[in-house]
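Chemist: Quick note on the working numbering: the sequence shown kicks off at 2 and runs consecutively.
One structure, pasted below without further comment.
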Amino acid sequence: MKTAIITGASSGIGEATAYALAQEGFAVVLAARSIEKLDKLKEDLVRHGYKASAVQADVTRRSDMKAVAKTALDEYGRIDVLINNAGIMPLSFLKNLHEDEWEATIDVNIKGVMNSISAVLPAMMDQKDGHIVNVSSIAGIDVFPAGAVYCGTKFAVEAITEGIRKELSVPFNIRATSIRPGGVETNLMSTITDQEVFQAFESMLGSVQFLKSEDIAKAIAYAVNQEQNVSVDHICVRPSNQIM
């Protein structure tokens, strides 16, 4: 049985991915800050006959992610897949100087990704097999107003993903995939405090029919279920009527 660690697993894309991978036969190790939500998800998965573990963790804490990796190894013996899904999106216009939010975005979206990678790499390199999936965004390939910092973090995720492929694919058989969602119905928008952003987004995305988290989970499941000689470098999934 393969094992997948999923960060940000308590809701949205992370939760949907837990169900999708469990249905594909993976044991899933769920990580997020809300242990109550994680335990509820774990219980539901186990009730349906799936293998699941829950670990309270903050991706910005390196020690937390090492504890998640240890749980995976202790309970299932290996780490096959890391889904780097945890992220925040407190969009704001630069002129409004939301400096604390800039710092938090960098901490979660970049440092959190690196903390998760560093936690799983020793096991993956030792077994000479692994797959790291980084949930990026279309914001990782195009910058939009109010997204300078957020887009910057997702551009970094794109660079990190490509770096994994170039450094680790040949010597350690570790694959890397970037998933680039467009508009998805998640709670990411709830982190926005800049009121000007809502007005701007209403004009840009007012008619877009947002995707479900399950749509992104299907793309993740597709990537990790390929044969070992197949590398899916990136997948862009956006609403069919979203042109930006």
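Quick reminder that beta carbons are idealized off the backbone N, C-alpha and C, glycines included.
On a predicted model such as this, the values are computed, not experimentally measured, just so you know.
Within 10 angstroms of the Cβ of glycine 78, are there 16 or more other Cβ atoms? Answer buried if so, exposed if not.
Modeler: Glycine 78 should be labelled exposed.
Chemist: If you follow the beta strand (DSSP E) that phenylalanine 57 is in, where does it begin and where does it stop?
Modeler: Note that residue 57 corresponds to glutamine in the displayed sequence, not to phenylalanine. 53-57 is the extent of the beta strand (DSSP E) around glutamine 57.
Chemist: Report the CB separation of valine 209 from proline 182 in whole angstroms; it is logged as a contact under 8 Å.
Modeler: That belief does not hold up - the Cβ atoms of valine 209 and proline 182 are roughly 12 Å apart, past 8 Å.
Chemist: Between phenylalanine 93 and asparagine 135, is the Cβ-Cβ spacing less than 8 Å?
Modeler: Phenylalanine is not the amino acid found at residue 93; the sequence shown has serine there. No, the Cβ-Cβ distance between serine 93 and asparagine 135 is not below 8 Å.
Chemist: How close, in whole Å, do the beta carbons of isoleucine 84 and alanine 21 come, if the pair is a contact with beta carbons under 8 Å?
Modeler: Not really, about 10 Å apart at Cβ, beyond 8 Å.
Chemist: Please state if the CB of alanine 218 and the CB of isoleucine 236 are separated by a distance shorter than 8 Å.
Modeler: Going by C-beta atoms, isoleucine 236 is not nearer than 8 Å to alanine 218.
Chemist: I'd like the ranges of any alpha helix (DSSP H) spanning at least 4 consecutive residues and lying wholly in the stretch 108-190.
Modeler: Here the runs fully enclosed are 113-128, 149-173.
Chemist: With DSSP collapsed to three states, give me the class of isoleucine 193.
Modeler: DSSP places isoleucine 193 in coil when its eight states are reduced to three.
Chemist: For valine 233, name the three-state secondary structure that DSSP assigns.
Modeler: Coil.
Chemist: Between which two residues does the beta strand (DSSP E) containing threonine 8 stretch?
Modeler: It spans 4-8 - the beta strand (DSSP E) in which threonine 8 sits, taken as one unbroken run.
Chemist: Note down, in chain order, each residue of its chain lying with its Cβ closer than 8 Å to the Cβ of asparagine 110, except the 5 sequence neighbours on either side.
Modeler: Same-chain partners within the cutoff: Gly88, Ile89, Tyr151, Thr154, Lys155, Ala157, Val158.
Chemist: Any idea if threonine 175 is buried or exposed, counting beta-carbon neighbours within 10 angstroms, 16 or more meaning buried?
Modeler: The amino acid at residue 175 is misidentified as threonine; the sequence shows isoleucine. Result: buried.
Chemist: Would you mind sorting serine 214 into buried or exposed? The rule is 16 or more other CB atoms within 10 Å of its CB.
Modeler: Label assigned to serine 214: buried.
Chemist: Given this structure, state the Cα-to-Cα distance separating alanine 177 from valine 225, to the nearest angstrom.
Modeler: Going from the Cα of alanine 177 to the Cα of valine 225 covers about 9 Å.
Chemist: Can you give the beta carbon distance from leucine 212 to valine 233, rounded, assuming they're within the 8 Å contact cut?
Modeler: At roughly 19 Å, the Cβ-Cβ gap does not stay under 8 Å, so leucine 212 and valine 233 are not in contact.
Chemist: Return the Cβ separation of alanine 55 and aspartate 40 in integer angstroms, given the expectation that the two are a contact with Cβ distance under 8 Å.
Modeler: Right, their Cβ atoms sit about 5 Å apart.
Chemist: Are the beta-carbon atoms of threonine 8 and alanine 32 separated by less than 8 Å?
Modeler: Cβ distance < 8 Å, so threonine 8 and alanine 32 count as in contact.
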